[in-house]
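> Take the sequence shown: its position 200, counting from 1, is numbered 219 in the numbering used here, and each next residue is one higher. Ideal Cβ positions, reconstructed from N, Cα and C, are used throughout, including at glycine. Note that the structure is predicted; figures quoted are calculated from it, not measured.
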Amino acid sequence: MGSIYNPESALAIFAHPDDIEFLCAGTLARWAKAGSRIAYLLCTSGDVGIADPQISKAEAIDIRESETRAAAKIAGVNQVIFLREPDGMLEATMELRKKIIREIRKFKPEVIICGDPTRVLGGESYINHPDHRAAATVAIDAAFPAAGQPNLFEELQAEGITAHKPRKVYVTTWDNADVFINIEETIEIKIEALRAHKSQIDWDPDPRIREWAAETAKGKEMEYAEGYRVITLVSDEDWENSVGDPLKLDAYKKEKKRKESEAEKAN
Ligand SMILES: [Zn+2]
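1. So within the stretch 61-128, which uninterrupted beta strand (DSSP E) runs reach at least 3 residues, ignoring any that extend past its ends?
2. Between H35 and ligand 1, is the CB less than 7 Å from at least one heavy atom?
3. With 16 other CB atoms within 10 Å as the buried threshold, where does I23 fall?
4. In the stretch 162-247, which residue ranges form an unbroken alpha helix (DSSP H) of at least 4 residues, counting only runs that do not cross its ends?
5. Helix, strand or coil for R138, going by three-state DSSP, please let me know.
6. Starting from T251, follow its DSSP beta bridges and name the residues at the other end.
7. Using 8 Å as the threshold, is the C-beta distance between A53 and A94 below it?
8. In three-state DSSP terms, what is S280?
9. Report the CB separation of A196 from C62 in whole angstroms; it is logged as a contact under 8 Å.
10. Please determine whether the Cβ atom of H4 lies at a distance below 7 Å from any heavy atom of ligand 1.
11. Please determine if the stretch 118-126 and the stretch 77-89 are in contact, where contact requires at least 3 C-beta pairs separated by less than 8 Å.
12. Is it a yes or a no for the stretch 217-225 touching the stretch 93-113, going by three-plus beta-carbon pairs under 8 Å?
13. Would K276 be called buried (16 or more neighbouring beta carbons within 10 Å of its own) or exposed?
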């Protein structure tokens, strides 16, 4: 699978308002340009991310949510969902998993993009934020198998929210990527989107973002890239015949088996 794959839809699930811009906004902007339906799902609204005692948490939420909407808009994304879990205290609980399953089942994305739950330490000077790890863990656990199991959280069906099996999970990663998305045409958008987080960015993100994206693209036939470890949960054939609906998928598989055994009998 090359970098020309454009999913019909993608849901990005992250902890904080600016995580998407740092990690995958180049890819999402590219998909949005190609016509994909995209939504951001943020677990927290970054309410402790403004280190100013004059600004209350409620004010910080307002500021950061409006910065996030502006950043999304720059990337061509109009839907942003905030779960408003407490920033800095995020935990991968069953309650949070259910909230995320609800949004996956409502939005029915072909692709889920999330962080890497196994990333704890980086180099000599980085410890991954525990909120990032919690959001990544809960996103992965919601994506598979739970979101696609009709008999799990079946009470959601009463609200018309039915089970959904996403096709692929794109895990953002720095050093064990197997899929590289060319973001040459959207790197400006990524940088502009990052600049929308005015309360966070008092430095020029341009050189650093280009440096990171060039590092990721090294050795590939592209100038700038974002890297992912991609997990394919539903095969191309199965996706074509179910588009994420587990009941349709089940019916398709049964029918296929039936035809196969019929053909066998005829031989
Ligand atoms: Zn973050």
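With the structure as the only source:
1. 98-104
2. yes
3. exposed
4. 206-214 and 224-236
5. coil
6. K187
7. no
8. helix
9. Not really, about 23 Å apart at Cβ, beyond 8 Å.
10. Any answer about residue 4 is impossible in this case: the structure gives the chain only from 20 up to 286.
11. no
12. no
13. exposed
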